[in-house]
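Each position in the sequence shown, counted from 1, maps to that position plus 56 in this note's numbering. Idealized CB from N, CA, C, for every residue including glycine. None of these values were measured; they are calculated from a predicted model. A short worksheet on the structure shown next.
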Amino acid sequence: MVSNKILEKKLYVLLLCIRFILYISSSKVVFFVLNDENCITDLCHSDINFEMIFKENNSAEWINEEEKITIFKNNILRYEAPSKQPKYYNPNIHTLHHRNNMLFNSKLIKKHLDSKRTNIKIFLKDISYPALLLFLKLIDNSDSFISQINLQDFLDILLIITILDIEKTKERDYF
Numbered sequence: 057m058v059s060n061k062i063l064e065k066k067l068y069v070l071l072l073c074i075r076f077i078l079y080i081s082s083s084k085v086v087f088f089v090l091n092d093e094n095c096i097t098d099l100c101h102s103d104i105n106f107e108m109i110f111k112e113n114n115s116a117e118w119i120n121e122e123e124k125i126t127i128f129k130n131n132i133l134r135y136e137a138p139s140k141q142p143k144y145y146n147p148n149i150h151t152l153h154h155r156n157n158m159l160f161n162s163k164l165i166k167k168h169l170d171s172k173r174t175n176i177k178i179f180l181k182d183i184s185y186p187a188l189l190l191f192l193k194l195i196d197n198s199d200s201f202i203s204q205i206n207l208q209d210f211l212d213i214l215l216i217i218t219i220l221d222i223e224k225t226k227e228r229d230y231f
């Protein structure tokens, strides 16, 4: 009788571990890069028509108490800030699936994972898309070519690190 209870507890713990591993492996982080290059300045004269934007309103994400981003059909975004005209963006989007990635040392991403979210959206405003790609390459790989980064990309990477609130780890105590 006692051995059955012990066996049940071990099985329960094993199932919890498997469930956690499956949950983590199904998690993904989606970066939306909003900048002047992908801003839709004139909706009436752009290739994007109103039906493409407003036919289906997917979700609204709050950046903070004052700033709001609404994601429409076809990933068109509307950025709203107090005392400013709303801006529309056709953002660059980059999706990362959870693996043993140094990016997951980010306090921001850990907070979302702890809240059981599997689809994490991160909005990066006024950062270039090539700087994001360079940052993602540098975070897991050797930084032997860091001296080749131009100043604007370096500043963008510092801003990304600040937004993500990346921690030092034993594996990597610098960046």
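- [ ] Assign proline 253 to one of two classes, buried (16 or more other C-beta atoms within 10 Å of its C-beta) or exposed (fewer than that).
- [x] Limits of the chain in this structure are 57 at one end and 231 at the other, which puts residue 253 out of reach.
Open item on the list: Using a 10 Å radius around the Cβ and a threshold of 16 neighbouring Cβ atoms, would you call tyrosine 68 buried or exposed?
Closed with: Flag for tyrosine 68 reads exposed.
Open item on the list: Taking the alpha helix (DSSP H) that phenylalanine 210 belongs to, which residues open and close that run?
Closed with: Phenylalanine 210 -> alpha helix (DSSP H) spans 207-220.
- [ ] Report the three-state DSSP secondary structure of glutamate 117 (helix, strand or coil).
- [x] Of the three classes helix, strand and coil, the one that applies to glutamate 117 here is strand, per DSSP.
Open item on the list: Tell me the DSSP secondary structure of glutamate 136 in three-state form.
Closed with: Judged by DSSP in its simplified three-state form, glutamate 136 adopts strand.
Open item on the list: Could you check whether asparagine 91 and isoleucine 234 sit closer than 8 Å to each other, using their CB atoms as the reference points?
Closed with: Past the edges of the chain, shown from 57 to 231, lies residue 234, and the structure says nothing about it.
TODO: May I ask you to report which of helix, strand or coil DSSP gives lysine 124?
DONE: Note: lysine 124 maps to strand in three-state DSSP.
TODO: Please confirm whether threonine 151 and lysine 84 have their CB atoms less than 8 Å apart.
DONE: Going by beta carbons, threonine 151 and lysine 84 fall inside the 8 Å limit.
Task: CB contact flag (alanine 137, glutamate 122, <8 Å) - done: In this structure, glutamate 122 lies closer than 8 Å to alanine 137 by Cβ.
- [ ] Quick one: measure Cβ to Cβ for leucine 159 and tyrosine 144, integer angstroms, because I've assumed they're closer than 8 Å.
- [x] Contact check for leucine 159 and tyrosine 144: beta-carbon distance about 28 Å, past the 8 Å limit, so the pair fails to qualify.
Task: Per-residue burial, leucine 63 [other beta carbons within 10 Å of its own, 16 or more giving buried] - done: With fewer than 16 neighbouring CB atoms inside 10 Å of its own CB, leucine 63 falls in the exposed class.
TODO: Provide the residue(s) that pair with lysine 87 in DSSP beta bridges, ordered along the chain.
DONE: For the sequence presented, residue 87 should be read as phenylalanine rather than lysine. For phenylalanine 87, which the question treats as bridged, DSSP gives the partners His150, Ile178.
- [ ] For the alpha helix (DSSP H) containing lysine 166, list its first residue and its last residue.
- [x] Judged by DSSP secondary structure, lysine 166 falls within the alpha helix (DSSP H) whose first and last residues are 163-170.
Open item on the list: For leucine 190 and serine 139, what's the separation of their Cα atoms in angstroms?
Closed with: In a straight line, the C-alpha of leucine 190 is about 34 Å away from that of serine 139.
Task: phenylalanine 210 versus isoleucine 216: straight-line alpha-carbon distance, rounded - done: Distance between the alpha carbons of phenylalanine 210 and isoleucine 216 is about 10 Å.
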